[in-house]
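Read through the structure below, which is laid out as structure tokens, and then see the notes.
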Amino acid sequence: MPSLLQIHFNFPAEQMGEALTDAAMPLAKSITLEPGFISKIWTENPRTGEAGGIYLFEDEASALNYAKMHEQRVLAMGASAVQYKLFDVNEPLSRITRGIV
Numbered sequence: 003m004p005s006l007l008q009i010h011f012n013f014p015a016e017q018m019g020e021a022l023t024d025a026a027m028p029l030a031k032s033i034t035l036e037p038g039f040i041s042k043i044w045t046e047n048p049r050t051g052e053a054g055g056i057y058l059f060e061d062e063a064s065a066l067n068y069a070k071m072h073e074q075r076v077l078a079m080g081a082s083a084v085q086y087k088l089f090d091v092n093e094p095l096s097r098i099t100r101g102i103v
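Read in order, the letters of the sequence shown correspond to residues 3 to 103 in our numbering.
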């Protein structure tokens, strides 16, 4: 069953936007190679100093393994207060609403 992973963390606003796009290009490419990875939507809110993403993985084990590894990676990049949540995906309803599953 697909698993949705929501990760968010505090991140300096001045490192978002174009600066993040430029700096994270290699990271974005490497994420596509993670086991079980399907897709990611990158999120950022410079007004609140938060960034993160919504990920879709093939299964919960892949999502959880990625979350644990990525938490350490973003902390090393200057993030703080990393939080993540895992959700099961309701595939029949998601297909109706054009969700990627």
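All residues carry an ideal CB built from backbone N, CA and C; glycine is no exception.
Under three-state DSSP, which class holds residue i?
i, result
"T45", "strand"
"D24", "helix"
Could you tell me the distance, in whole angstroms, from the CA atom of residue i to the CA atom of residue j?
i, j, result
"G80", "E20", "17 Å"
"S96", "L29", "28 Å"
"E16", "A53", "12 Å"
"H72", "G51", "18 Å"
"E62", "R49", "32 Å"
Among the residues of its own chain, which have a CB less than 6 Å from the CB of residue i, if the five just before and after it don't count?
i, result
"F89", "L6"
"T45", "G54, G55"
Given that a residue counts as buried once 16 or more other Cβ atoms are within 10 Å of its Cβ, and exposed if not, what is residue i?
i, result
"S64", "buried"
"L58", "buried"
"K31", "exposed"
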